[in-house]
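Numbering (the working numbering), first residue to last: 2 to 191.
Here you go:
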């Protein structure tokens, strides 16, 4: 009997309002059970209650990549999403990618600032920050520079972006690791 194939690591990055959270959640939903979704905003702001500024020591990069590593070690595929600025998170992300023995893919949603503001204005549960706040956070072309990093531009629809990630990462070809115990309406969608 062959040992199981190592799980897949998918990193989705982009500026605020680029659609990365929506895309990551849809990738996981379409894949099914056995895929951990790690959202930088939740882990940094809610779990750690940490600000993401350059003037303070940051726990978040090490904490987030440790969570990803743990989920991978336990056999879960991982979709990690967030702004994950290259200058702050790059070293920890590159270490995570280099140490992972299985398939790993990095995607950068390269969306112009004006489009991120427009998308933010359409959010159902809009977070209260202004376009001026977004301008201060916006980092154009903030790529990690890892081999095979895929850049997805503003012309890609949600469905096309999700399909690109599912197929490019290999998740589309991998069966969910555990079946749903019941056939709930949400599982029936995917």
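All C-beta atoms in this analysis are idealised placements derived from N, C-alpha and C, irrespective of residue type, glycine included.
Report yes if the CB atom of residue i is closer than 7 Å to the CB atom of residue j, and no otherwise.
i, j, result
"residue 18", "residue 120", "yes"
"residue 51", "residue 63", "no"
"residue 109", "residue 166", "no"
"residue 149", "residue 8", "no"
"residue 162", "residue 24", "yes"
If residue i and residue j are in contact, beta carbons under 8 Å, what's the gap, nearest whole angstrom?
i, j, result
"residue 139", "residue 117", "7 Å"
"residue 80", "residue 145", "About 16 Å; that fails the 8 Å criterion."
"residue 83", "residue 41", "2 Å"
Taking the beta strand (DSSP E) that residue i falls in, what are its first and last residues?
i, result
"residue 82", "78–83"
"residue 37", "36–40"
"residue 65", "Segment 61–74 is the alpha helix (DSSP H) holding residue 65; no beta strand (DSSP E) there."
Would residue i be called buried (16 or more neighbouring beta carbons within 10 Å of its own) or exposed?
i, result
"residue 92", "exposed"
"residue 115", "exposed"
"residue 45", "buried"
"residue 71", "exposed"
"residue 136", "exposed"
"residue 154", "exposed"
"residue 159", "exposed"
"residue 20", "buried"
"residue 78", "buried"
Taking the alpha carbon of residue i as the point to measure from, which residue in the options has its own alpha carbon closest?
i, options, result
"residue 75", "173, 6, 147", "6"
"residue 143", "16, 131, 78, 12", "16"
"residue 97", "47, 69, 84", "69"
"residue 176", "33, 2, 21", "33"
"residue 87", "123, 77, 122, 147", "147"
"residue 48", "65, 35, 36", "65"
"residue 22", "124, 105, 78, 131", "124"
"residue 14", "106, 169, 99", "106"
"residue 170", "2, 11, 4", "11"
"residue 73", "122, 101, 59", "101"
"residue 111", "129, 59, 122, 156", "156"
"residue 172", "4, 29, 113, 130", "29"
"residue 43", "85, 4, 27, 131", "85"
Ends of the alpha helix (DSSP H) at residue i?
i, result
"residue 32", "21–32"
"residue 166", "159–170"
"residue 91", "87–100"
"residue 50", "No alpha helix (DSSP H) holds residue 50; DSSP gives it neither H nor E."
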